[in-house]
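Colleague:
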Amino acid sequence: MISIRRVLPVFINITPRRSRFSPTKKYFQGSFDFLPVVSQSAPQPILCKDFIIDPYQIYLARYYQADACLLMLSVLDDEQYRQLAAVAHSLKMGVLTEVSNDAERERAMALGAKVVGINNRDLRDLSIDLNRTRQLAPKLGHGVTVISESGINTYGQVRELSHFANGFLIGSALMAHDDLNAAVPSRAARRK
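Start counting the sequence shown at 87; every next residue gets the next number (my numbering).
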């Protein structure tokens with residue numbers, strides 16, 4: 087079982103802009119009960135990263151003090167996305183719109199997404215391809231904040247992908263280590 091109090095200080099130190107949180111217990115050892123702990127301890131806005139398909143999940147995330155939510159175009163049609171984004175915005179929450187291919191990227195642009203996460207993981211077979219960020223990011227246009235998600239394991243990858251992305255969503259690579267403090271220098275870019 088994850089110890090949120092052990093993990094939280096490490097993540098706060100390496101995430102200057104936004105902290106990510108997954109309430110999905112089965113796959114990510116998360117719980118909505120962790121959100122208030124994270125929110126009270128972290129100065130950064132908190133992203134609720136879940137498979138959101140129902141407005142109730144957004145209300146729940148906001149109740150538990152999340153500042154933003156992830157909406158995945160791989161699981162939502164355009165009308166569902168619009169409805170969920172409207173709920174999030176009505177609650178003064180940000181939306182990270184996730185894409186993993188060119189068709190989803192086009193939809194994100196047509197839907198007016200301002201913050202787009204490019205998932206480097208294929209959700210069908212869980213394979214990783216960092217070329218997704220390299221290929222899709224330049225097509226997103228000016229004024230869009232790009233986040234490269236998943237499969238980032240080294241500081242070199244962060245540096246190389248920083249030419250394409252404004253930020254990174256990194257979690258699994260860090261959580262795979264017993265000593266998070268030792269894992270961080272090799273994975274996260276240091277701020278000077």
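Glycine included, every Cβ here is placed at the ideal spot set by N, Cα and C. Remember, it's a predicted structure, so these values are computed and weren't measured experimentally.
So, helix, strand or coil for Ala154, using DSSP?
Modeller: Along the sequence shown, read from residue 1 onward, the residue named residue 154 stands at position 68. Reduced to three states, the DSSP call for Ala154 is strand.
Colleague: Taking only three categories from DSSP, how would you classify Val232?
Modeller: Numbered from its first residue, the sequence shown carries residue 232 at position 146. Three-state DSSP puts Val232 in a strand.
Colleague: On the criterion of 16 or more Cβ atoms from any shown chain inside 10 Å, does Asn205 qualify as buried, or is it exposed?
Modeller: Looking up residue 205 in the sequence shown gives position 119. Buried is the call here.
Colleague: Determine the extent of the beta strand (DSSP E) in which Ile132 is found, giving its start and end residues.
Modeller: The sequence position of residue 132 within the sequence shown is 46, counting from 1. Taken as a continuous stretch (DSSP letters only), the beta strand (DSSP E) holding Ile132 covers Ile132 to Cys134.
Colleague: For Arg220, I'd like the list of residues in its chain whose CB is within less than 8 Å of its CB, leaving aside the five on either flank, ordered along the chain.
Modeller: Taking the first residue of the sequence shown as 1, we reach residue 220 at position 134. If we look at Arg220 and ignore the five residues flanking it on each side, its Cβ neighbours are Leu247 and Phe250.
Colleague: Excluding the 5 residues flanking His228 on each side, which residues of the same chain have their C-beta closer than 7 Å to its C-beta?
Modeller: Along the sequence shown, read from residue 1 onward, the residue named residue 228 stands at position 142. Excluding positions up to five away in sequence, the list is empty.
Colleague: Which partner residues does Ile214 have in the DSSP bridge list?
Modeller: Sequence index remark: in the sequence shown, residue 214 carries index 128 (1-based). Partner(s): Arg207.
Colleague: The beta strand (DSSP E) that contains Gly253, what's its start and end?
Modeller: Position 167 of the sequence shown holds residue 253. Its beta strand (DSSP E) spans residues Gly253 to Leu255.
Colleague: According to DSSP, Gly227 sits in a beta bridge with which residue or residues?
Modeller: Looking up residue 227 in the sequence shown gives position 141. In DSSP, Gly227 forms no bridge with anything.
Colleague: Give the single residue among Leu177, Gln126, Glu165 and Asp164 whose Cα lies nearest to the Cα of Leu35.
Modeller: In the structure as shown, the chain begins at 87 and stops at 278. Residue 35 is therefore absent and cannot be evaluated.
Colleague: Ends of the beta strand (DSSP E) at Val244?
Modeller: The residue you call residue 244 lines up with position 158 of the sequence shown. Here Val244 belongs to no beta strand (DSSP E); instead the alpha helix (DSSP H) covers Tyr241 to Leu247.
Colleague: Give a yes or no on whether the C-beta atoms belonging to Leu133 and Leu156 are separated by under 8 Å.
Modeller: Taking the sequence shown and counting its residues from 1, one reaches residue 133 at position 47. Taking the sequence shown and counting its residues from 1, one reaches residue 156 at position 70. Contact: yes.
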